[in-house]
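Accompanying notes for the structure given below.
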Amino acid sequence: MINPLIVEIFDDIALLLELQDDNPFRIRAYRRASLNVQALSEDLTQIAERGELQSIPGIGVDLANKIKEYIATGKVKFYEELRKKTPAFLLEMLDIPGVGPKTAKAIFEKLKPKNLKELEAMGRAGKIRKLPGMKEKTEQNILEGILLLQKHRGRTLLGKALPLARELVSQLSGFKGVNGISYAGSTRRMCETIRDIDILIASAASAPIMDAFVRRKDVWKVLAHGHTKSSVVMKEGLQVDLRVVDKDCFGAALLYFTGSKAHNIQLRSLAKKRGYKINEYGLFSVKSNKRIAGRTEEEMYKALGLSYIPPELREDQGEIDAAAHGKLPRLVEKKDIKGDFHMHSKWSDGANEIEEMVASAKKRGLKHVVLTDHSQSLKIANGLSPKRLLQQIEIVRKLNKKLSGITLLAGSEVDILSDGSLDFEDDLLKKLDFVVASVHSGFKQSKEQITRRIVKAMQNKYVRLIGHPTGRLLGERNAYEVDFDAVFKAARETNTALEINSYPQRLDLNYTYARRAHEMGVMLAIDTDSHTHDQFDNLEYGVATARRAWCAKENILNCLDLPELKKRIAKQKS
DNA sequence: GCCGTTTTCGGCCCGACTGTTTTCAGTCG
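If you read the first sequence in this note's numbering, its first letter stands for residue -8, the second for the next number, and so on.
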């Protein structure tokens, strides 16, 4: 997959051009192209082979040629030359919050620091304040920016950011004069990782709210503190931006601060074409400067002739066009999920007894769950031997008779071994109600090997589902190399579902692959892979991923009632 | 550098906060 490399090159080119004070629209073009490449689920190499690079929005003749050049030579000459011209540390300086191209260049040209440490020493020695246009404050801010950069690197999992955002919303909503409140930004779009939390408040009296916000005990550092906008870094490292607007503008502001940036740009272009202007205060007629909409997001979309676009879809992935033609899907919701096909108990590496897991699932409204402890090869997770699995099946059957309001099914998360065979014999799998097959080893195999392995597992007539199909762990391990088209095709042909694993560090399939999979006719299943009783709460992250993948409930296997599911299973693979 | 239901040339989203300025440039989202 060369896409991440192209993304990095385009982003770097944008920064390098910025340092050269190049045409800002040219710079934006590289950024836009990078965003659109990021959103692809298919490898650029394949798109290039079909000669369709220019069908990607933001990719024209020139950028298509740069991609082709990279595929052919592993290099982009234009990029190499730009880099040669620019010292590496100058580029690195742009990572410091508050330091942009102008400041970076001014400092670099005069002081020639070689690294962050040297720059910091220069700041401490009072050398930066002597430069034209800079005083003590600028110097101070750069020093603090360096500190921030060291503390606040990387992104935070949605599973951590969302609860924090909700907590902040709940606390701030109790404030006097708050007429409306919501978190916005990538948290509201349910992106898998979050850079900072955005909170929007509707109120006529912003100053006291701002004051209280920046004085919170859990605030580490105040980055900005204005009348309507403040930014802080929390002690645990996450940045939170708070914005206060009048309640008449709440919808326009919520739309704006939810983003994505690319979605906003498309909306504004559309507005412009129709003689309107959009900002965070509303939709205005350019001619009369009269406000047309702004109280609610629904009102804003309606005024633009669009149906309401749920936040999860606002990624500039065709949603505006679909909304204009009434073709948005009716997205799956958490309440549509009837069962969970993937959970563990103390028998393998779970923390709770089977009964506790079932009770927890029932409490959350699930109607059926499949117990899928690990198989024998996964020693580290105390995988079940055939003998223990047979015992467990019996216990499951007995326990199920005692249950009401929820059905417990017998299953296994069986390992797909390195040659593609399964960790249990068919005779044993046959006794189970539902089999999940997953890769837990041999991540470094070649693309062909892993693809063959997974396809072979899907051809087993008892395997209903492939668990966490790409094996990635956010911030820890990349997805293994696999030919997705081959996997999706085989999944469709063998009637095997693919999982959207809800565990916040997995979210696997991710939303772009999940979208392509169901568009190719593959059934998906949203599972929690719970290892403790409270992890059933992760379901909402999996549902969000499915929504971001444009899934309706018809695309999701666990939206079926148990009788329907059983019918489907009986028909499947027979 | 991209793009076209006004355009193949001339546009390209919009505003808040900060610091160093006496009216604005730089940075950020």
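Cβ coordinates follow ideal geometry from the N, Cα and C atoms, glycine included.
All of these numbers come straight from a predicted model, not from anything done at the bench.
Look at the alpha carbon of Ser222 and the alpha carbon of His365, and state the distance between them as a whole number of angstroms.
Taking the first sequence and counting its residues from 1, one reaches residue 222 at position 231. Taking the first sequence and counting its residues from 1, one reaches residue 365 at position 374. If you take the alpha carbons of Ser222 and His365, they lie about 45 Å apart.
What span of residues does the beta strand (DSSP E) with Asn549 cover, start to end?
Along the first sequence, read from residue 1 onward, the residue named residue 549 stands at position 558. Run containing Asn549: none; DSSP gives neither H nor E here.
Mind reading off the beta-carbon distance from Ser403 to Thr461? Whole number of angstroms is fine, and I expect it under 8 Å.
If you number the first sequence from 1, residue 403 lands on position 412. If you number the first sequence from 1, residue 461 lands on position 470. With 8 Å as the limit, Ser403 and Thr461 do not qualify as a contact, their Cβ atoms being about 21 Å apart.
Determine the closest residue to Leu139 out of Leu214, Tyr504, Ile300, with distance taken between C-alpha atoms.
On the first sequence, position 148 is the one that residue 139 refers to. Here the closest residue by C-alpha is Leu214.
Does Phe16 pass the burial test, meaning 16 or more other C-beta atoms within 10 Å, or should it be called exposed?
The residue labelled residue 16 in the question sits at position 25 within the first sequence. Phe16 is exposed by the Cβ-count criterion.
Could you have a look at Leu274 and say whether DSSP puts it in helix, strand or coil?
Looking up residue 274 in the first sequence gives position 283. DSSP places Leu274 in strand when its eight states are reduced to three.
Since Ile411 and Ala448 should fall inside the 8 Å C-beta cutoff, what is the C-beta to C-beta distance between them, to a whole number of angstroms?
By 1-based counting over the first sequence, the position of residue 411 is 420. By 1-based counting over the first sequence, the position of residue 448 is 457. For the record, residue 411 in the displayed sequence is Gly; it is not Ile. With 8 Å as the limit, Gly411 and Ala448 qualify as a contact, their Cβ atoms being about 6 Å apart.
Can you tell me the Cα-Cα spacing of Leu110 and Pro104, whole angstroms?
Position 119 of the first sequence holds residue 110. Position 113 of the first sequence holds residue 104. C-alpha separation (whole angstroms): 5 Å.
Could you tell me if His316 is buried or exposed, where buried requires 16 or more neighbouring beta carbons within 10 angstroms of its beta carbon?
Numbered from 1 along the first sequence, position 325 holds the residue referred to as residue 316. Exposed is the call here.
To which residues of the same chain is Leu420 closer than 6 Å at the C-beta, ignoring the five residues directly before and after it?
The residue you call residue 420 lines up with position 429 of the first sequence. So the list reads Val426, Tyr453, once near-sequence residues are dropped.
Quick one: what's Leu399 bridged to in DSSP?
Residue mapping note: residue 399 aligns to position 408 of the first sequence, counting from 1. For Leu399, which the question treats as bridged, DSSP gives the partners Val360.
Determine the burial state of Lys370: buried for a count of at least 16 other Cβ atoms within 10 Å of its Cβ, exposed for fewer.
By 1-based counting over the first sequence, the position of residue 370 is 379. Exposed, because fewer than 16 other Cβ atoms sit within 10 Å of the Cβ of Lys370.
Return the chain-ordered list of same chain residues with a C-beta closer than 6 Å to the C-beta of Ile441, the five sequence neighbours on each side being excluded.
Your numbering for residue 441 matches position 450 in the first sequence. Taken in chain order, the residues that qualify are Tyr471, Val473.
Beta carbon of His490, beta carbon of His459: below 8 Å?
Start at 1 with the first residue of the first sequence, and residue 490 comes out as number 499. Start at 1 with the first residue of the first sequence, and residue 459 comes out as number 468. This sequence places Glu at residue 490; His is not what is there. The answer is yes: Cβ separation under 8 Å.
Cutting at 7 Å between CB atoms, please list the residues of its own chain near Leu408, excluding the five before and the five after it.
Here residue 408 corresponds to residue number 417 of the first sequence, with the count starting at 1. Here the set comprises Ser368, Asp414.
So, at 7 Å on beta carbons, what are the nonlocal neighbours of Val224 in its own chain, with the 5 sequence-adjacent residues on each side left out?
Within the first sequence, residue 224 is the residue found at index 233, counting from 1. The residues are Leu139, His143, Trp211, Lys212, Leu214, Gln230.
Assign Ala508 to one of three DSSP states: helix, strand, or coil.
Taking the first sequence and counting its residues from 1, the one referred to as residue 508 is at position 517. Correct three-state label for Ala508: helix.
On the DSSP bridge list, what partners appear for Thr184?
By 1-based counting over the first sequence, the position of residue 184 is 193. Its beta-bridge partners are Leu148.
Using only alpha-carbon positions, find the residue among Gly433, Asp525, Ile119 that is nearest to Ala352.
Numbered from its first residue, the first sequence carries residue 352 at position 361. The shortest Cα separation from Ala352 among Gly433, Asp525, Ile119 belongs to Asp525.
Given this structure, state the Cα-to-Cα distance separating Leu44 from Ala505, to the nearest angstrom.
Locating residue 44 in the first sequence gives position 53, counting from the first residue. Locating residue 505 in the first sequence gives position 514, counting from the first residue. Between Leu44 and Ala505, the C-alpha separation is close to 22 Å.
Can you grab the Cα-Cα spacing for the pair Glu183 / Leu423, in whole Å?
Counted from its first residue, the first sequence places residue 183 at position 192. Counted from its first residue, the first sequence places residue 423 at position 432. Glu183 and Leu423: Cα-Cα distance of roughly 33 Å.
Please tell me whether Leu322 and Ala543 are closer than 8 Å, where the distance is taken between their beta carbons.
The residue you call residue 322 lines up with position 331 of the first sequence. The residue you call residue 543 lines up with position 552 of the first sequence. Yes, the pair counts as a contact, with Cβ atoms nearer than the cut-off.
Check for me: the beta strand (DSSP E) holding Asn486 runs from which residue to which?
In the first sequence, counting from the first residue as 1, residue 486 sits at position 495. Counting along the chain, Asn486 falls outside any beta strand (DSSP E), and DSSP gives it neither H nor E.
Taking the runs of the alpha helix (DSSP H) that are 4 residues or longer, which of them lie wholly in the region -8 to 63?
DSSP runs (the alpha helix (DSSP H)) wholly in the region -8 to 63: -6 to 10, 15 to 29, 35 to 40.
How would you write the range of the alpha helix (DSSP H) that Asp312 sits in, first residue to last?
Residue 312 sits at position 321 when you count from the first residue of the first sequence. Counting along the chain, the alpha helix (DSSP H) containing Asp312 begins and ends at 310 to 315.
Could you spell out where the alpha helix (DSSP H) holding Leu107 opens and where it closes?
Numbered from its first residue, the first sequence carries residue 107 at position 116. Looking at the DSSP string, the run of the alpha helix (DSSP H) that includes Leu107 is 107 to 115.
Identify whether His524 lies in helix, strand or coil by the three-state DSSP scheme.
Residue mapping note: residue 524 aligns to position 533 of the first sequence, counting from 1. Three-state result, His524: helix.
Shortest alpha-carbon distance to Ala24 belongs to which of Gly228, Gly49, Pro377, Ala30?
Within the first sequence, the letter at position 33 stands for residue 24. Of Gly228, Gly49, Pro377, Ala30, the residue nearest in Cα terms is Gly49.
Counting pairs of Cβ atoms below 8 Å between the region 374 to 383 and the region 331 to 342, do you hit three or more?
Touching, per the Cβ criterion.
Nearest to Leu81 by alpha carbon, out of Thr36, Glu127, Leu394, Leu7?
Position 90 of the first sequence, counting from 1, holds the residue named residue 81. The shortest C-alpha separation from Leu81 is found at Leu7.
For Lys57 and Phe99, I'd like the C-alpha separation in whole angstroms.
Mapped onto the first sequence, residue 57 falls at position 66. Mapped onto the first sequence, residue 99 falls at position 108. Cα to Cα, Lys57 sits roughly 30 Å from Phe99.
Between which two residues does the alpha helix (DSSP H) carrying Phe425 extend?
Position 434 of the first sequence, counted from the first residue, corresponds to residue 425. Premise fails: Phe425 lies in the beta strand (DSSP E), 425 to 429, not in any alpha helix (DSSP H).
Between the region 325 to 334 and the region 343 to 358, do three or more beta carbon pairs fall short of 8 Å?
Yes, the region 325 to 334 touches the region 343 to 358.
Going by C-alpha to C-alpha distance, which of Ile(-7), Asp3, Ile119 sits closest to Thr64?
As a first step, residue 64 is located in the first sequence; it is residue number 73 there, counting from the start. Ranking the options by Cα distance to Thr64, first place goes to Ile(-7).
For the pair the region 518 to 532 and the region 487 to 502, tell me if three or more CB-CB distances fall below 8 Å.
Contact holds: three or more Cβ-Cβ distances are below 8 Å.
At a cut of 8 Å, does the region 244 to 251 reach the region 197 to 204 through at least three beta carbon pairs?
The answer is no - the region 197 to 204 does not touch the region 244 to 251, with fewer than three Cβ pairs under 8 Å.
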